[in-house]
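Here's the structure, in structure tokens; my notes come after.
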Amino acid sequence: MGEPVTVPEYVLDAIASHRQACREPMAAFFYDLPALAAHGRAMKAALPPGVELYYAIKANSEAAILDTLAPVVDGLELSSGGEIARACACSTPRPWVLSGPGKLDTDMHEAMTRGVEALHVESLGEVARLQAVAASLECVQPVLLRINPALPEDLSSRLRMAGTATPFGIDEAQLIEAVRAVDDAANLTLVGFHVHAMSHQTCERRHQRLLASYLERWPQWRALARHPERVTQLNVGGGIGVNYLQPSEQFDWPGLCEALGQHLAAMHEPPRVRFEIGRFLTAFCGYYAIEVLDTKISHGEGFVVCRGGTHQFRLPAAQGHDHPIVHLPRDAHRASQRERRSWTVVGQLCTPKDVLSRRQALSGVAVGDLLVLPLAGAYGYNISHADFLCHPRPDQIFIRNAREASESSSRRCQYAEPVN
Ligand SMILES: *Cc1c(COP(=O)(O)O)cnc(C)c1O
Numbered sequence: 001m002g003e004p005v006t007v008p009e010y011v012l013d014a015i016a017s018h019r020q021a022c023r024e025p026m027a028a029f030f031y032d033l034p035a036l037a038a039h040g041r042a043m044k045a046a047l048p049p050g051v052e053l054y055y056a057i058k059a060n061s062e063a064a065i066l067d068t069l070a071p072v073v074d075g076l077e078l079s080s081g082g083e084i085a086r087a088c089a090c091s092t093p094r095p096w097v098l099s100g101p102g103k104l105d106t107d108m109h110e111a112m113t114r115g116v117e118a119l120h121v122e123s124l125g126e127v128a129r130l131q132a133v134a135a136s137l138e139c140v141q142p143v144l145l146r147i148n149p150a151l152p153e154d155l156s157s158r159l160r161m162a163g164t165a166t167p168f169g170i171d172e173a174q175l176i177e178a179v180r181a182v183d184d185a186a187n188l189t190l191v192g193f194h195v196h197a198m199s200h201q202t203c204e205r206r207h208q209r210l211l212a213s214y215l216e217r218w219p220q221w222r223a224l225a226r227h228p229e230r231v232t233q234l235n236v237g238g239g240i241g242v243n244y245l246q247p248s249e250q251f252d253w254p255g256l257c258e259a260l261g262q263h264l265a266a267m268h269e270p271p272r273v274r275f276e277i278g279r280f281l282t283a284f285c286g287y288y289a290i291e292v293l294d295t296k297i298s299h300g301e302g303f304v305v306c307r308g309g310t311h312q313f314r315l316p317a318a319q320g321h322d323h324p325i326v327h328l329p330r331d332a333h334r335a336s337q338r339e340r341r342s343w344t345v346v347g348q349l350c351t352p353k354d355v356l357s358r359r360q361a362l363s364g365v366a367v368g369d370l371l372v373l374p375l376a377g378a379y380g381y382n383i384s385h386a387d388f389l390c391h392p393r394p395d396q397i398f399i400r401n402a403r404e405a406s407e408s409s410s411r412r413c414q415y416a417e418p419v420n
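Sequential numbering of the sequence shown, starting at 1, is according to the UniProt record's numbering.
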């Protein structure tokens with residue numbers, strides 16, 4: 001393990017005060033909105049001139065998250081009619097784009113009537129359907145064609161959306177045909193290309209090379225268009241990974257931005273580059289806090305059984321990792337006196353798959369203690385099967401203001417420093 005994870009004092013206060021209000025053992029998500037805004041601003045500040053940062057809201061589309069990030073980023077990336085409704089309800093209206101496979105005609109119609117900036121088209125079939133919808137609305141719709149480019153083998157990551165057989169985007173071999181179809185569509189205008197090739201990219205240098213490979217192909221892609229001068233945008237997607245196993249070692253975003261800036265500065269007629277980041281924007285602001293219900297030893301292995309589980313926080317199970325755990329003992333002194341041993345942290349589900357983390361070294365873990373799982377702000381609750389076994393859904397607490405949060409807490413946090 002890397003450095004121990006720390007939870008800000010005011011987040012601990014919010015957890016403690018919420019717990020006092022709970023009549024049953026607690027399982028709840030806490031989101032640190034001031035930290036989210038600060039992180040978003042820092043990411044935006046690192047961008048090279050002219051490069052834009054959109055937020056891919058599928059990572060976390062809760063209203064408070066959107067209200068916090070919308071003023072900070074340049075726009076939003078959406079992938080469904082439901083996400084359009086959420087983005088349009090946001091307190092700060094921002095430009096937005098619509099992507100994703102399997103768009104309904106009603107999604108396209110909704111997008112165009114509600115002011116979508118551009119549609120990212122995934123297939124030749126979508127070009128035809130989008131043309132029909134745009135014609136029925138008598139408007140001309142800017143589109144980007146999503147490409148599934150061939151990728152150098154060594155640039156692959158754990159979750160690939162391109163460079164291999166996927167339902168996403170258009171193969172480069174079919175790109176001429178797709179560009180021609182858009183050029184021939186009276187109500188569509190091609191303004192750029194879109195590539196979202198992978199998720200979980202934790203290596204800045206590899207991502208740099210991936211972006212460089214798009215920029216090298218950009219002039220050829222652009223030259224396919226009937227009006228190359230109108231093709232100005234290159235959306236490079238998201239996919240920046242979070243290091244869940246060593247939280248102190250994270251992706252070097254400023255390093256990537258600097259390298260990208262240099263590459264663009266050296267180009268003749270560079271595209272307007274846009275990122276659409278999900279995970280790396282919101283992961284860090286979220287904490288899943290669960291109360292220990294039981295401890296037991298089975299065939300030599302220690303189990304900590306907690307309120308909640310993977311039906312509320314599916315992320316570690318979905319990715320097959322052992323999530324970092326911060327232990328907040330009820331009695332810090334007693335806990336520190338006890339022996340440290342390895343525990344498997346599980347939830348309440350009647351399935352052996354309900355594992356949040358294995359091999360966690362904890363001292364004196366006891367019923368009534370709290371465990372906090374950080375890095376829970378992206379693809380956490382919203383990807384989970386929350387109704388499985390009919391457990392109640394967890395509360396989601398949005399900490400709006402660091403000072404307010406600690407003042408509203410009726411007592412100082414009595415928990416110990418995390419022992420990870
Ligand atoms: C999911 C998705 C993103 C965001 O991906 P992250 O890995 O969360 O940054 C961006 N663009 C598209 C098209 C996506 O499907």
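A virtual CB, placed ideally from N, CA and C, is assigned to each residue, including glycine.
Please indicate yes or no: does the CB of residue i lie closer than 7 angstroms to some heavy atom of ligand 1?
i	result
residue 207	no
residue 334	no
residue 204	no
residue 58	yes
residue 193	no
residue 79	yes
residue 276	yes
residue 327	no
residue 75	no
residue 311	no
residue 280	yes
residue 380	no
residue 239	yes
residue 199	yes
residue 268	no
I believe residue i touches residue j by the beta-carbon criterion, under 8 angstroms. Please report the beta-carbon distance rounded to the nearest angstrom.
i	j	result
residue 99	residue 41	Going by Cβ atoms, the distance from residue 99 to residue 41 rounds to 25 angstroms, so no, they are not a contact pair.
residue 124	residue 181	6 angstroms
residue 349	residue 388	7 angstroms
In chain order, what residues of the same chain have a beta carbon less than 6 angstroms from the beta carbon of residue i, not counting five sequence neighbours either side?
i	result
residue 395	28
residue 20	none
residue 52	74 and 274
Within a Cβ cutoff of 8 angstroms, which residues of the same chain sit near residue i, ignoring the five residues on either side of it in sequence?
i	result
residue 126	103
Quick one: is residue i near chain B, going by C-beta distance under 8 angstroms?
i	result
residue 248	Protein chains in the displayed structure number just one, and chain B is not present.
Does the separation of the CB atoms of residue i and residue j fall below 8 angstroms?
i	j	result
residue 270	residue 5	no
residue 81	residue 106	yes
residue 122	residue 142	no
residue 306	residue 315	no
residue 256	residue 207	yes
residue 368	residue 288	no
residue 347	residue 308	yes
What residue range does the alpha helix (DSSP H) around residue i cover?
i	result
residue 360	It is not in any alpha helix (DSSP H) - residue 360 instead sits in the beta strand (DSSP E) that spans 355–363.
residue 203	Per DSSP, residue 203 belongs to no alpha helix (DSSP H) and is neither H nor E.
residue 257	253–265
residue 38	33–45
residue 133	124–136
residue 245	Residue 245 -> no alpha helix (DSSP H), and no H or E assigned at all.
From which residue to which residue does the beta strand (DSSP E) around residue i run?
i	result
residue 296	286–298
residue 189	188–194
residue 337	Premise fails: residue 337 lies in the alpha helix (DSSP H), 332–337, not in any beta strand (DSSP E).
residue 144	141–148
Can you give me the Cβ contacts of residue i inside the same chain, cut-off strictly under 7 angstroms, excluding the 5 residues immediately before and after it?
i	result
residue 359	322 and 342
residue 228	222
residue 402	10 and 34
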